[in-house]
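Q: In the order they appear, the protein sequences are chains D and P. Going by this note's numbering, 49 is the number at position 37 of the first sequence; the sequence numbering is gapless. Going by this note's numbering, 116 is the number at position 51 of the second sequence; the sequence numbering is gapless. First the structure, which I've put down as structure tokens, then a few questions once you've had a look.
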Amino acid sequence: DGGITQSPKYLFRKEGQNVTLSCEQNLNHDAMYWYRQDPGQGLRLIYYSQIVNDFQKGDIAEGYSVSREKKESFPLTVTSAQKNPTAFYLCASSGQGKFSNQPQHFGDGTRLSIL
Amino acid sequence: DAKTTQPTSMDCAEGRAANLPCNHSTISGNEYVYWYRQIHSQGPQYIIHGLKNNETNEMASLIITEDRKSSTLILPHATLRDTAVYYCIVRVLGSGGGADGLTFGKGTHLIIQP
């Protein structure tokens with residue numbers, strides 16, 4: 013079945029360590045997104061990519077980095093510069109062009125905690 | 066994107082229709098209304114979206130008022146599995162195909178009672 017796969021489901025980071033969250037989609041979508049969700053809050057956009065080898069900062073990009081080398085993959089790195097990384101991270105994708113009003117579809121998230 | 070207002074929480078009896086309201090009084094002509102829901106510790110699930118006509122799919126119906134300033138999501142026969150946070154999002158399509166991120170508020174926590 014087509015969908016979005018995020019891994020791992022749970023991740024623990026030590027102080028000063030970079031960690032990378034994986035997001036893969038087989039929906040043939042052009043656009044991909046990373047969001048962060050804190051307890052009891054809505055989602056906030058970290059980065060998004062409309063096409064391979066291109067990405068833009070969202071509302072809270074500081075302390076994060078991304079790459080988009082393949083259409084199917086959009087990994088997110090949480091760097092040591094992110095001082096409050098404990099959160100639930102969600103990846104999404106959507107189609108573009110004549111399907112531009114199409115909804116975003118989400119993975120099941122990665123929960124990141126600090127040791 | 067226009068701001069939306071939703072009740073913080075609602076209850077509904079199992080088997081009854083759940084009607085979730087959303088106010089978006091500043092919506093503009095090219096903004097769509099999207100509904101998502103999120104079950105605890107899972108990613109948001111797309112439900113339905115519309116521009117000005119009422120829409121129905123296998124999950125729900127979306128009723129948009131004629132002036133487009135409010136809408137109602139209807140789950141026709143609520144089950145316990147419909148307990149979730151429901152988000153109403155209004156979104157203008159950006160350049161390049163509308164690939165900008167969605168703005169999620171706090172949504173409505175719908176609790177289905179047995």
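Yeah, the Cβ is synthetic: ideal placement off N, Cα and C, and Gly gets one too.
1. DSSP state of Leu127/D, grouped into three classes?
2. May I ask you to list the residues that DSSP assigns as paired with Arg167/D?
3. Just the Cα atoms here: how many angstroms apart are Leu26/D and Glu79/P?
4. For the segment 57-88 of chain D, enumerate the residues whose C-beta is nearer than 7 Å to any C-beta of chain P, in chain order.
5. Would Asn38/D count as contacting chain P if we go by Cβ distances under 8 Å?
6. If you measure beta-carbon to beta-carbon, which residues of the segment 14-40 of chain D are closer than 9 Å to chain P?
7. What's the C-alpha gap between Gly107/D and Asn113/D?
8. Spatial neighbours of Pro87/D within its chain, please: CB distance less than 8 Å, with the 5 preceding and 5 following residues excluded, ordered by chain position.
9. Under 8 Å, Cβ to Cβ, is there at least one residue of chain B near Tyr111/P?
10. Using the rule of at least 16 other Cβ atoms within 10 Å of the residue's Cβ for burial, across every protein chain shown, is Asp76/P buried or exposed?
11. Put Leu116/P into one of helix, strand or coil per three-state DSSP.
12. Within 8 Å (strictly less), CB to CB, does Gly80/P reach chain D?
13. Out of curiosity, what's the CA-to-CA distance linking Pro179/P and Ala73/D?
14. Using alpha carbons as the reference points, say which of His142/P, Ser136/P, Asn84/P and Val155/P lies closest to Tyr97/P.
15. How big is the Cα-Cα spacing for Leu57/D and Tyr101/D?
16. Quick check on Tyr101/D - is its C-beta less than 8 Å from some C-beta in chain P?
17. Compare the beta carbon distance of Gly14/D and Asn30/D with 8 Å and say whether it is the shorter of the two.
18. Keeping to the same chain, check which residues put their C-beta closer than 7 Å to that of Arg133/P; ignore five residues upstream and five downstream.
19. Once you ignore the five residues that flank Pro109/P on each side, which residues in its own chain have a CB closer than 6 Å to its CB?
20. Please confirm whether Leu124/D has its beta-carbon closer than 8 Å to some beta-carbon of chain P.
21. Could you check whether Gly54/D and Gly115/P sit closer than 8 Å to each other, using their CB atoms as the reference points?
22. By Cβ distance below 7 Å, which residues in the same chain neighbour Gly163/P in space, the five residues on each side in sequence not counted?
23. Rounded to the nearest angstrom, what separates Tyr60/D and Ser74/P at their Cα positions?
24. Among Asn119/P, Ala82/P and Ser136/P, whose alpha-carbon lies nearest the alpha-carbon of His142/P?
25. Under the DSSP definition of a beta bridge, which residues are partnered with Asn88/P?
A: On the basis of the supplied data:
1. Coil, per DSSP.
2. Here chain D has residues from 13 to 127 only, and residue 167/D is not among them.
3. Reading the sequence as shown, one finds Lys at residue 26/D and not Leu. Distance between the alpha carbons of Lys26/D and Glu79/P is about 45 Å.
4. So the close ones are Leu57, Tyr60, Gln62 and Gly70.
5. Cβ-Cβ to chain P under 8 Å: no for Asn38/D.
6. Under the 9 Å Cβ criterion, the segment 14-40 of chain D contributes Ile16 and Gln18.
7. Rounded to the nearest angstrom, the two C-alpha atoms are 8 Å apart.
8. Hits under 8 Å: Thr32, Leu33, Ser34, Cys35, Val78 and Ser79.
9. Here chain B cannot be found, since the structure's protein chains are D and P.
10. Around the C-beta of Asp76/P, fewer than 16 other C-beta atoms lie within 10 Å, and the residue is accordingly described as exposed.
11. Coil, per DSSP.
12. No, its Cβ sits nowhere closer than 8 Å to a Cβ of chain D.
13. Their backbone Cα atoms lie some 43 Å apart in a straight line.
14. Cα-wise, what sits closest to Tyr97/P is Val155/P.
15. Approximately 10 Å between the Cα atoms of the pair.
16. Not closer than 8 Å to any Cβ of chain P, the Cβ of Tyr101/D fails to qualify, so no.
17. Taking 8 Å as the cut-off, the Cβ atoms of Gly14/D and Asn30/D do not count as close.
18. Listed in chain order, the non-local C-beta contacts of Arg133/P below 7 Å within the same chain comprise Ile92 and Lys117, local neighbours out to five positions each way being set aside.
19. For Pro109/P, same chain residues with a beta-carbon under 6 Å away, outside a window of 5 residues either side, are Tyr101 and Gln103 in chain order.
20. Under the Cβ distance rule, Leu124/D does not count among the residues neighbouring chain P, no pair being separated by less than 8 Å.
21. Annotated as distal: Gly115/P and Gly54/D, with beta-carbon spacing of 8 Å or more.
22. Unreliable positioning characterises Gly163/P in this predicted model, as indicated by a pLDDT of 40, which lies under 50. A coordinate reading is not provided.
23. Rounded to the nearest angstrom, the gap between the Cα atoms of Tyr60/D and Ser74/P is 31 Å.
24. Among Asn119/P, Ala82/P and Ser136/P, the Cα nearest to that of His142/P belongs to Ala82/P.
25. DSSP, once it has assigned bridges, lists Thr70/P and Ser135/P as partnering Asn88/P.
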